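The letter at position 179 of the sequence shown is residue 619 when you use the numbering used here, and the numbering goes up by one with no holes.
All C-beta atoms, glycine included, are put in the ideal place defined by N, C-alpha and C.
Here the structure is a predicted model, which is why all the values come from computation and not from measurement.
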Amino acid sequence: MLKKKEIQVEDILLSLFARIEEVEERVKAYIFLDKEKILKEAKQERKKDLSFEIPVSVKDNICVENEPTRCASRILEGFKPPYDATVIKRLRQVGAILFGKTNMDEFAFGSSTETSAYQITRNPWNLEYVPGGSSGGSAAAVAADEAILALGSDTGGSIRQPAALCGIVGFKPTYGRVSRYGLIAFGSSLEQIGTLSKDVRDSALLLQVIAGFDEQDSTSSPLPVPDYLKYLEKGIKGFRIGIPEEYFISGLDKGVKERIEEAIKVFEGLGAKCTRVHLPHSKYALAVYYIIAPAEASSNLLRFDGVEYGLRKEEKDLFRMYEKTREEGFGKEAKRRIILGTYVLSKGYYEQYYSRAEKVRRLIIEDFRKVFEECDLLLAPTSPTPAWKIGEKIDNPLQMYLSDIFTIPANLAGIPAISVPCGFSEGLPVGLQILGRSFEEEKVLQAAYAYEQSTDWHRQRAKI
Ligand code: GLN
């Protein structure tokens, strides 16, 4: 409609505002939204290229120039980045409207969006349930029709898992596909910015804008970015698809298991050849992740000391000031990660934990390399269970960490993976995960699209 000039971007913005007015009080997806500024920006003469004149909501750990970017933490209170992240710059270049900052687990530590220092976001399918995390605000906003598209970050599942729990599409691209410049770092060797959307095509469109080499991120890949839309309708006839046995563990929810098995049948019906495969070291993935991720986090979070960014608690001397600022600025989970990370990196334990974890990570990467010699893609559940009740796991970090068991391996290996809606378990959405070879996003999207076209799960909306 926008292209045909039947509507203007302002109409889209106003309809989103109206929806937000209606449901946001209950969902609590946004922690910053300046309606006037958004409208003003839309009215201003923007770039000449307006090929993507769409509002995009942004997770609170991605820098937007001169707008609060706090990682949902007290320690970044008052911080306004003096620059745009590369993904934001690219969006502005094609006419996109930056639309509010979404809630998240503090510094992206978590799987439920309950560790935010500001508010608890609720799952639009049932307001007593978590939306997943850490990109829970982005996922809930899209699922509740409070956003058209959203950006998230995925260090161990933070895009795919909330997408699954909220019944939408979430895509984590290959490590290096999208620039991390301006993404406030948590686990630098694991994370990627990615997309949350209502369907696969929308994710492909958004990825097209944000993907590609950036000289400001030394880990970004110089490989050319294919035209993703061109692949969507190619179908998946003859695709070889692996079903990793290790992903069908005993704790897997019955409804989730059934939905995934039904999805596998749909893929077979579309002409794919599905076979059981093994990823023998994936049983160590969670343990490896919870050494490497906190190690990197503890180092990345050193910079928040009251001097350069955000919160500062004045004290008699410099060290007391550091202490006080960090004591008051960080929440419980952030402190837990810093302590864990510092421990595994300390002299005497470094070899035993950190360097060993890096070795096992190599074995996990090898597992994937081997199965991808025989398969084009892998299918698995995104999360072992659907959403759980708010408060249910927050005091049991190990339980919480277990919810990432199926998403973490892709981050350790750096490969692309998408979650698409594949039905419900006791009224709550279930996500199907499709994993691919490094830099073969197009194949992942192609398969996700083919599946989506033969089901209508993505069209079901939360009644809120
Ligand atoms: N839930 C995982 C964690 O707590 C992953 C978070 C993420 O992907 N940012 O670390």
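Beta carbon of residue i nearer than 8 angstroms to that of residue j
i: I682; j: C815; result: The question names Ile, but residue 682 is Gly in the sequence shown. Taking 8 angstroms as the Cβ cut-off, G682 and C815 qualify as a contacting pair.
i: S738; j: T782; result: yes
i: N501; j: I700; result: no
i: V665; j: G652; result: yes
i: V498; j: R562; result: no
i: D489; j: Q533; result: yes
i: I874; j: A890; result: no
i: S910; j: F547; result: What the structure shows of the chain is the stretch from 441 to 904, and residue 910 is not part of that stretch, so it cannot be assessed.
i: F812; j: R716; result: no
i: D642; j: P824; result: no
i: T595; j: A735; result: no
i: S575; j: I834; result: no
i: G577; j: A469; result: yes
i: D667; j: S619; result: no
i: I830; j: E568; result: yes
i: Y687; j: A857; result: no
i: T822; j: R600; result: yes
i: S637; j: L589; result: yes
i: G746; j: Y762; result: yes
i: G404; j: F492; result: This structure leaves residue 404 out entirely; the chain is present only between 441 and 904.
i: L663; j: A644; result: no
i: A584; j: V463; result: yes
i: G622; j: C714; result: no
i: P613; j: G572; result: no
i: E881; j: L647; result: yes
i: E517; j: L751; result: yes
i: L785; j: E586; result: no
i: V609; j: S843; result: no
i: R530; j: V449; result: no
i: L719; j: P849; result: yes
i: S660; j: F879; result: no
i: V800; j: V884; result: no
i: L453; j: I537; result: yes
i: T526; j: D657; result: yes
i: V870; j: A579; result: no
i: G607; j: A902; result: yes
i: W828; j: V570; result: yes
Classification of residue i by the beta-carbon crowding that lies within 10 angstroms, buried from 16 upward
i: R760; result: exposed
i: M544; result: buried
i: P564; result: buried
i: Q792; result: exposed
i: P522; result: exposed
i: Q839; result: exposed
i: E927; result: Examination of residue 927 is not possible in this model, given that the chain is present from 441 through 904 alone.
i: R743; result: exposed
i: A458; result: exposed
i: S795; result: exposed
i: I447; result: exposed
i: R899; result: exposed
i: E866; result: exposed
i: S894; result: exposed
i: H721; result: buried
i: R809; result: exposed
i: G627; result: buried
i: N851; result: buried
i: G592; result: buried
i: K487; result: exposed
i: L758; result: exposed
i: D451; result: exposed
i: I778; result: buried
i: L442; result: exposed
i: G678; result: exposed
i: K541; result: buried
i: G788; result: exposed
i: D524; result: buried
Residue-chain proximity (residue i, chain D), Cβ-Cβ < 8 angstroms
i: R514; result: Here there is only one protein chain, and chain D is not present.
Are at least three pairs of beta-carbons, each pair with one atom in the region 467 to 483 and one in the region 624 to 640, less than 8 angstroms apart?
No contact exists between the region 467 to 483 and the region 624 to 640.
Report yes or no: do three or more beta-carbon pairs, one from the region 789 to 808 and one from the region 702 to 709, lie closer than 8 angstroms?
In short, these stretches do not touch, since the Cβ pair count stays below three.
Kindly provide the ranges of any alpha helix (DSSP H) runs that are 4 or more residues long and lie completely inside the region 532 to 614, ordered along the chain.
If we require 4 residues or more, the alpha helix (DSSP H) runs fully inside the region 532 to 614 come out as 576 to 583 and 600 to 606.
Which runs of the beta strand (DSSP E) at least 3 residues long sit entirely within the region 622 to 655? Give them in chain order.
Taking 3 residues as the shortest admissible run, the region 622 to 655 contains the following complete beta strand (DSSP E) segments, listed from N- to C-terminal end: 632 to 637.
Segments assigned alpha helix (DSSP H), at least 4 residues, entirely inside the region 491 to 538
Here the runs fully enclosed are 526 to 533.
Please specify which runs of the beta strand (DSSP E), each continuous and at least 3 residues long, are wholly inside the region 839 to 904, giving them in chain order.
Here the runs fully enclosed are 857 to 865 and 868 to 876.
Mind listing, in chain order, the continuous alpha helix (DSSP H) runs of no fewer than 4 residues lying wholly within the region 710 to 777?
As far as the region 710 to 777 is concerned, its whole alpha helix (DSSP H) runs of at least 4 residues are 725 to 740 and 758 to 769.
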